[in-house]
Amino acid sequence: MIRKPTEGERQEWRRDFEAAARRTLEQRMKYAFIKTYKPIMDDAKFRAFDTMEEYRRWCEENLPRWLGYHRV
Amino acid sequence: VFEYGVRYLFIGKSGAILLGFPDTTQDADLFPAKSEANGKALVAALSELKFELTDAESAAIIRGKDFVQLRNGPFDLDLVFAPDGIETFEGPKGKAAPITGGTITVSSTAGFSASQGRSLMRPPRERSRGSPAR
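Respectively, the protein sequence lines represent chains A and B. Remember, this note's numbering sits 676 above the position in the first sequence when you count from 1. Remember, this note's numbering sits 68 above the position in the second sequence when you count from 1.
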């Protein structure tokens, strides 16, 4: 179910977007790309999949659901 | 990357962030054009950026496997040669927005997958409370 945002939430989004728009590209790259260890996902230095289906199946069979890589 | 003439687009949340979307992500998603020449240029550029690629890994990139996940460089990078909902490289490239800042110019497109789109429709605070940033 999709909830309609409140006026307060809309204003908050607007402020967030306006603040982001004021940041330079270098600032966006510096602050938006963060690193948190993801179990299993980050335990190999390289993976390659022949198809996206193969990749998605691997995610579902190997990663914990809370990581957010399972199909909805 | 620019010196090697690699043809690529930032896609997904990393592309949206470069365009000014207020959020965070843990990796960059690149959609490279799929050709042997572009793959070779990409491997050369990645090597210069200090990604450590074996011959077999380089071959997978040059071949343009649908999805390549790199955790062997200065930042996490996903190469998506066949992103959902995008038939060819030329289609979204025509809609890509070049972004310039300082000495950096990148091209990004707002071609999100359905699942990413749903994620991005949620308010930033709610997203940060939910699943970890991707």
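Glycine residues also receive a C-beta, built at the ideal position from the N, C-alpha and C atoms.
Point to revise | 9 Å Cβ cut-off: residues of chain A touching B/Leu-138 | key: Below the 9 Å Cβ cutoff, chain A contributes Lys-721, Phe-722, Arg-723 as neighbours of B/Leu-138, in chain order.
Point to revise | One or two residues paired with A/Ala-724 in a DSSP bridge | key: B/Val-136
Check your understanding: Would A/Gln-703 be called buried (16 or more neighbouring beta carbons within 10 Å of its own) or exposed?
Key -> exposed
Point to revise | Same chain, Cβ closer than 6 Å to A/Glu-736, neighbours up to 5 away in sequence not counted | key: His-746
Review point. Do you know how far the Cα of A/Lys-680 is from the Cα of B/Tyr-76?
Key: C-alpha separation (whole angstroms): 37 Å.
Check your understanding: Do we get a CB-CB distance below 7 Å when we pair B/Thr-156 with the residues of chain A?
Key -> no
Review point. Roughly how many angstroms separate the alpha carbons of A/Tyr-713 and A/Leu-743, rounded to a whole number?
Key: 11 Å
Review point. For B/Leu-86, does the three-state DSSP call read helix, strand or coil?
Key: helix
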